[in-house]
Amino acid sequence: MKEQAIEVRQWVLKRMGGMSRTKVIALGFALIILTGALLLMLPISSREGIVTNFWDCLFTATSATCVTGLVVVDTYQHWTIFGQIVIILLIQIGGLGFVTFLTIFSMIAHRKIGLKERSLMSESVNAMQLGGIIKLTRKILYGTLIVEGTGAMILWIRFIPDFGVIRGLYYGIFHAISAFCNAGFDLMGYADPYISLCNYSGDWVVNLTIMSLIVIGGIGFIVWDDVTHHRLHFRKYRVHTKIVLVTTAALIFGGALIFYLIERNYLLDGMEPGEAFLCSMFASITPRTAGFNSTDIATAREASKFLFIILMFIGGSPGSTAGGIKTTTFALFVLYMKANFQRAKGVHAFRRRLDEEAIKKASAIVCTNTFLVVTASMIICGTQGFDLADVVLETVSAMSTVGMSSGITRGLSILSKVSLVCLMYAGRVGSLSVVLSVRDKKKVEPYTYPEEKLLIG
Numbered sequence: 004m005k006e007q008a009i010e011v012r013q014w015v016l017k018r019m020g021g022m023s024r025t026k027v028i029a030l031g032f033a034l035i036i037l038t039g040a041l042l043l044m045l046p047i048s049s050r051e052g053i054v055t056n057f058w059d060c061l062f063t064a065t066s067a068t069c070v071t072g073l074v075v076v077d078t079y080q081h082w083t084i085f086g087q088i089v090i091i092l093l094i095q096i097g098g099l100g101f102v103t104f105l106t107i108f109s110m111i112a113h114r115k116i117g118l119k120e121r122s123l124m125s126e127s128v129n130a131m132q133l134g135g136i137i138k139l140t141r142k143i144l145y146g147t148l149i150v151e152g153t154g155a156m157i158l159w160i161r162f163i164p165d166f167g168v169i170r171g172l173y174y175g176i177f178h179a180i181s182a183f184c185n186a187g188f189d190l191m192g193y194a195d196p197y198i199s200l201c202n203y204s205g206d207w208v209v210n211l212t213i214m215s216l217i218v219i220g221g222i223g224f225i226v227w228d229d230v231t232h233h234r235l236h237f238r239k240y241r242v243h244t245k246i247v248l249v250t251t252a253a254l255i256f257g258g259a260l261i262f263y264l265i266e267r268n269y270l271l272d273g274m275e276p277g278e279a280f281l282c283s284m285f286a287s288i289t290p291r292t293a294g295f296n297s298t299d300i301a302t303a304r305e306a307s308k309f310l311f312i313i314l315m316f317i318g319g320s321p322g323s324t325a326g327g328i329k330t331t332t333f334a335l336f337v338l339y340m341k342a343n344f345q346r347a348k349g350v351h352a353f354r355r356r357l358d359e360e361a362i363k364k365a366s367a368i369v370c371t372n373t374f375l376v377v378t379a380s381m382i383i384c385g386t387q388g389f390d391l392a393d394v395v396l397e398t399v400s401a402m403s404t405v406g407m408s409s410g411i412t413r414g415l416s417i418l419s420k421v422s423l424v425c426l427m428y429a430g431r432v433g434s435l436s437v438v439l440s441v442r443d444k445k446k447v448e449p450y451t452y453p454e455e456k457l458l459i460g
């Protein structure tokens, strides 16, 4: 194993050559997706012992690697244990990032990690500085093992009465990894296809464990590092950490309250107060960006679907297993609007002035993601007769690597599937990173044009 890790590392580094960091990350994810698709095509991967068609395998491999959760076939009913293991490995690699795994291989092999690899790792997890990146990688590795292991143990104990010791352990590990990596894949199709966690809607142990794993995986590795270093001393946290934690809490509790108010006399009607509370919290957390569901999304009201779209579009936090435009981007837009309303000079948060370049990048991300979602929605609506709300829910879910669906995924045409594959890939690698990987040479103009006024609003 050690020798194989060294060989993989050397092979990748040799082929990186003079490529930029964004291009290496983009091509790395593409290679993992293709490998996963080919493995899923093997007869040993399907329960019927046949070769699953390439497009379904590519869609599934992309959804797993990009930790999305959208599926065209039920994970339990279609895939064998081998196929399920391939999927969960793709989820784990995609959740932490293949660059993280290469760095871990180097650490296991006791190989010197050069500046190129440190820079690549820094880009992969959105680290603010290059120094201390190896220490951060260790925290990511140990933290992942501890959190996933604890979640798997709790779920295992809960699943033993339902599935037995061995199967319960397997289910515990699978769902702990899927939840922590914000993937949304599940094995509950033994009861009914595509049912997700609806049978556990009132189960406190399952719900609290899954929700905790989703939140911990979605707040970001940089926040991990800050919190473990400063403990509960909120004032000592970086501004980034403060914004992530405050925004995350506001979205979780605010989203749960809105969902409850919308569905209290509809989807939640007849439920016990405890179950209604769990369903509301779950419905607020899972769109950011896990894809599990404890209630039937297809029967939700249009207002709830719109709420899901908003939460999915925002997503998790930078440098995490989650997708979306990220909580910091959303917070920055809110603070920017506040600054304009107050006619303030610059954008401020927690007595600090925020970088103007961050505002430009946030604007570019929002515009790029919106453009991709609109384009894919037009393609699907133009070629198939699905409801617009369901299509937008599907495309935002793919772009933000969520996995929530109203049930139209398995009825998509090849063109629609390819559109969602592109969205999932761009959502995981980063929409700007995909653009930069195609054209990553900066063009520096030797001059500037005269300034002109433009009417706005």
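Using the working numbering, you'd call the opening residue of the sequence shown number 4 and step up by one each time.
Yeah, the Cβ is synthetic: ideal placement off N, Cα and C, and Gly gets one too.
Computed from a predicted structure; not experimentally measured.
For Ala-524, I'd like the list of residues in its chain whose CB is within less than 6 Å of its CB, leaving aside the five on either flank, ordered along the chain. This structure cannot speak to residue 524, because the chain is shown only from 4 to 460.
Alpha-carbon spacing of Met-4 relative to Phe-101, whole angstroms: Because Met-4 carries a pLDDT of 48, less than 50, the predicted location of this residue cannot be relied on, and the following value inherits that uncertainty. Those two C-alpha atoms are separated by around 17 Å.
Stretch-stretch touch, CB-based, cutoff 8 Å, three pairs: the region 160 to 180 with the region 257 to 277: no
By Cβ distance below 6 Å, which residues in the same chain neighbour Arg-413 in space, the five residues on each side in sequence not counted? Only residues of its own chain outside the window of five on either side were considered, and among them Val-75 have a CB closer than 6 Å to the CB of Arg-413, listed in chain order.
Just checking my contact of Met-247 with Ile-222 at CB under 8 Å: how many whole Å lie between their CB atoms? It is worth fixing the name first, because residue 247 is Val in this sequence and not Met. Going by Cβ atoms, the distance from Val-247 to Ile-222 rounds to 6 Å, so yes, they are a contact pair.
Quick check: Gln-80 and Gly-192, are their CB atoms within less than 7 Å of each other? yes
Extent of the continuous alpha helix (DSSP H) to which Thr-178 belongs: For clarity, residue 178 is His in the given sequence; the question names Thr instead. Here the alpha helix (DSSP H) through His-178 covers 168 to 183.
Who are the near neighbours of Ile-328 in its chain, counting only those whose CB is closer than 7 Å to its CB and skipping five residues on each side? Phe-316, Ile-317, Gly-318, Ile-368, Val-369, Asn-372
What residues are listed by DSSP as bridge partners for Arg-241? Arg-241 is not bridged to any residue.
Measure the alpha-carbon distance for Leu-73 versus Glu-360 and round it to whole angstroms. 34 Å
Can you grab the Cα-Cα spacing for the pair Met-274 / Ile-163, in whole Å? 26 Å
Gly-388 versus Asp-229: straight-line alpha-carbon distance, rounded: Each residue's Cα considered, the two are about 48 Å apart.
Would Lys-420 and Trp-58 qualify as a contact pair, given that the criterion is a beta-carbon distance under 7 Å? yes
Rounded to whole angstroms, how far is the Cβ of Arg-291 from the Cβ of Leu-314, which I believe are closer than 8 Å? 5 Å
Pair within 7 Å by beta-carbon distance, Glu-397 and Ile-382: no
With which residues is Ala-352 paired in a DSSP beta bridge? The beta-bridge partner set that DSSP reports for Ala-352 consists of Arg-355.
Within its chain, find whatever has a CB closer than 6 Å to the CB of Ala-286; leave out the 5 residues flanking it on each side and keep chain order. Phe-262
Does the region 165 to 173 touch the region 137 to 154, meaning 3 or more C-beta pairs lie closer than 8 Å? no
Proximal residues to Leu-99 (C-beta, below 8 Å), its chain only, five neighbours per side dropped: A distance below 8 Å between beta-carbons, with the five flanking residues on each side excluded, links Leu-99 to the following residues of its chain, in chain order: Ile-143, Thr-147, Cys-184, Thr-324.
Counting only the same chain and skipping the five closest in sequence on each side, list residues whose C-beta sits under 6 Å from that of Leu-42. Val-89
Bounding residues of the alpha helix (DSSP H) (the contiguous stretch that carries Cys-201): First-last for Cys-201: undefined, no H or E at that position.
Buried/exposed call for His-243, threshold 16 Cβ in 10 Å: buried
Use the C-beta contact count for Tyr-145: other C-beta atoms within 10 angstroms, 16 or more gives buried, fewer gives exposed. exposed
Within 10 angstroms of the Cβ of Tyr-174, are there 16 or more other Cβ atoms? Answer buried if so, exposed if not. buried
Beta-bridge pairing of Trp-82 - partner residues as DSSP gives them: Ser-49
Beta-carbon proximity list for Val-54, same chain, < 7 Å, skipping 5 on both sides: Met-44, Pro-46
What is the C-beta distance between Phe-3 and Ala-67, in whole angstroms, given that I count them as a contact (C-beta under 8 Å)? An answer regarding residue 3 cannot be provided, because it is not within the stretch 4 to 460 covered by the chain.
Alpha carbon of Ile-91 to alpha carbon of Trp-82, nearest angstrom: 12 Å
Would DSSP call His-236 helix, strand or coil? coil
Indicate whether Ala-392 and Lys-456 have their beta-carbon atoms separated by less than 7 Å. no
At 3 residues or longer, what runs of the beta strand (DSSP E) sit wholly inside the region 254 to 322? none
Using a Cβ-Cβ cut-off of 7 Å (strictly less than) and excluding sequence neighbours within five positions of Asn-202, which residues of its own chain qualify? Met-191, Ala-194
Any idea if Trp-227 is buried or exposed, counting beta-carbon neighbours within 10 angstroms, 16 or more meaning buried? buried
Quick one: using the 10 Å Cβ neighbour count with 16 as the cut-off for buried, is Gly-52 buried or exposed? exposed
Status (buried if at least 16 other CB within 10 Å, exposed otherwise) for Arg-354: Exposed, since its Cβ has fewer than 16 Cβ neighbours within 10 Å.
Using 10 angstroms around the beta-carbon of Arg-356, count the other beta-carbons present and answer buried if the total reaches 16, otherwise exposed. With fewer than 16 Cβ atoms within 10 Å of its Cβ, Arg-356 is classed as exposed.
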